[in-house]
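Notes follow the structure.
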Amino acid sequence: MLLQEGYQQINRTNNFYKLNNDFYMVVYLQRKSDGSLYFFNVGIHPMFLFDSTNDVIEEVDCALRTRIGMLSVVESERKENLSKLLNDLHQFSTHYSNYKSIFISHNPNDLTSEDKILNEFSITQVNLCKLYVEYYDFLNNKDTALLFVNYGLSIAPKLAVIPKKFFKEYIRLYTQFENE
81 MLLQEGYQQI NRTNNFYKLN NDFYMVVYLQ RKSDGSLYFF NVGIHPMFLF DSTNDVIEEV
141 DCALRTRIGM LSVVESERKE NLSKLLNDLH QFSTHYSNYK SIFISHNPND LTSEDKILNE
201 FSITQVNLCK LYVEYYDFLN NKDTALLFVN YGLSIAPKLA VIPKKFFKEY IRLYTQFENE
């Protein structure tokens, strides 16, 4: 079914991917432990973060992840839900096909708990802030990236060592770049 939608299977797993404009989109069909359902987990990963040394990435490695539905293995339920799931997947992939559908803010103070992306995807406010830093850095807009860096440092929990290290390293590189 996903192959007919233009997805390619990743190494005989339940992960399927396709390039969707600015994003790499992955669908993972996660089988419920009792075998009665498959969950449709979707991951999107910005192309500017794609590591070309890896051929593909799986849904679990995507920057933004969510679940769009489930499919029963019972044949009668399957036919009804399959077309709805494929339609939902198509709408989702159409909506999140370019950077402007995700990166809508120029101000880190807009990344509140009510932010649509925070509610739609499995991502923390700190990690979304980090993603914004990488996006604005990709656009070579270092000043806006630095706004998100400082905001990220201000909201990162004390135990969030990895994000803090990322933000501090960005500041170090930014100031080094400024002094050259």
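For what it's worth, the numbering used here labels the leading residue of the sequence shown as 81, then goes sequentially. All C-beta atoms, glycine included, are put in the ideal place defined by N, C-alpha and C.
- Task: Please look up how many angstroms separate the CB atoms of F247 and V229, rounded, as I've assumed it's under 8 Å.
- Result: Distance from F247 to V229 at the Cβ level is roughly 5 Å; contact confirmed, criterion being Cβ atoms closer than 8 Å.
- Message: Give me the residue from L226, R145, D114 and P126 with the minimum Cα distance to Y179.
- Response: Shortest Cα-Cα distance from Y179 to any of L226, R145, D114 and P126 involves P126.
- Three-state class that DSSP yields for Y231 in the structure shown: DSSP, read as helix, strand or coil, puts Y231 in helix.
- Message: I'd like to confirm something about L233: is its beta-carbon nearer than 7 Å to some heavy atom of the ligand SAH, or not?
- Response: This structure simply doesn't include the ligand SAH, nor any ligand for that matter.
- Cβ distance (whole Å) where V122 is taken to contact E139 below 8 Å: About 7 Å; that satisfies the 8 Å criterion.
- Item | Run of the beta strand (DSSP E) containing T255, from where it starts to where it stops | In the DSSP assignment, T255 falls outside any beta strand (DSSP E) and lies within the alpha helix (DSSP H) extending over V241 to N259.
- Query: Under a Cβ-count criterion, where at least 16 other Cβ atoms within 10 Å of its own Cβ denotes burial, should L27 be classed as buried or exposed?
  - Reply: This structure gives no information on residue 27, because the portion of the chain shown stretches from 81 to 260.
- Query: Who are the Cβ neighbours of L233 in its own chain at under 6 Å, not counting the five residues just before and after it?
  - Reply: These residues qualify, in order along the chain: F247.
- Query: Would M81 be called buried (16 or more neighbouring beta carbons within 10 Å of its own) or exposed?
  - Reply: Looking at its Cβ environment, which holds fewer than 16 other Cβ atoms inside 10 Å, M81 is exposed.
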